[in-house]
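**Student:** Here my numbering is used: the first residue of the sequence shown is 1, the next is one more, and so on.
Provided herewith is a single structure, encoded as structure tokens, for subsequent inquiry.
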Amino acid sequence: MSDLKGKVAIVTGASRGIGRAIAERLGSAGATVIISARSLETSHDGLSGTLRETAAAIEAAGGKAIALACDVENEASRANLINETIARTGRIDILVNNAGRALHEPLEVSPPPRR
């Protein structure tokens, strides 16, 4: 990845998995990384990983991270993420829209796909 010093990146779903890995990589390339998930300290789904842990990993490797809670399913929460990012950093250069969730249930009780 090229040098990202001076760039600001937002990564949604950054508390674990692919989102965390992307955030760590952007941080190691010099970007200020705004990491977001639904909460800062706890998991809504019982899985391991928090934004605080991701921020600590980025900063331990010499990067800069700002953790902001955001529920991407909520319009006001999305607007707050953008507004807070601009207020704190003055810009947004990169957006990685990684947030998502999986519902684990038997196929026969799953709703049909939307069309």
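C-beta: ideal position from N, C-alpha, C; glycine also.
1. Could you please give the first and the last residue of the uninterrupted alpha helix (DSSP H) stretch that includes Ile82?
2. So, helix, strand or coil for Ala67, using DSSP?
3. Using the DSSP secondary-structure output, state which residues sit across from Arg109 in a beta bridge.
4. Does DSSP put Ala31 in a helix, a strand or coil?
5. Count the other CB atoms within 10 Å of the CB of Val8; is the residue buried (16 or more) or exposed (fewer)?
6. Could you compute how far the alpha carbon of Arg78 sits from the alpha carbon of Glu108?
**Tutor:** Reading off the structure:
1. Locating residue 82 in the sequence shown gives position 82, counting from the first residue. Start and end: Glu75 to Thr89.
2. What you label residue 67 is simply residue 67 of the sequence shown in a count that begins at 1. It is a strand residue.
3. Translated into the one-based positions of the sequence shown, residue 109 becomes position 109. According to the sequence displayed, residue 109 carries Val and not Arg. BP columns for Val109 are empty, so no partner.
4. In the sequence shown, the residue the question calls residue 31 occupies position 31. Of the three classes helix, strand and coil, the one that applies to Ala31 here is coil, per DSSP.
5. Position 8 of the sequence shown, counting from 1, holds the residue named residue 8. Buried, because 16 or more other Cβ atoms sit within 10 Å of the Cβ of Val8.
6. Indexing the sequence shown from 1 puts residue 78 at position 78. Indexing the sequence shown from 1 puts residue 108 at position 108. Arg78 and Glu108: Cα-Cα distance of roughly 33 Å.
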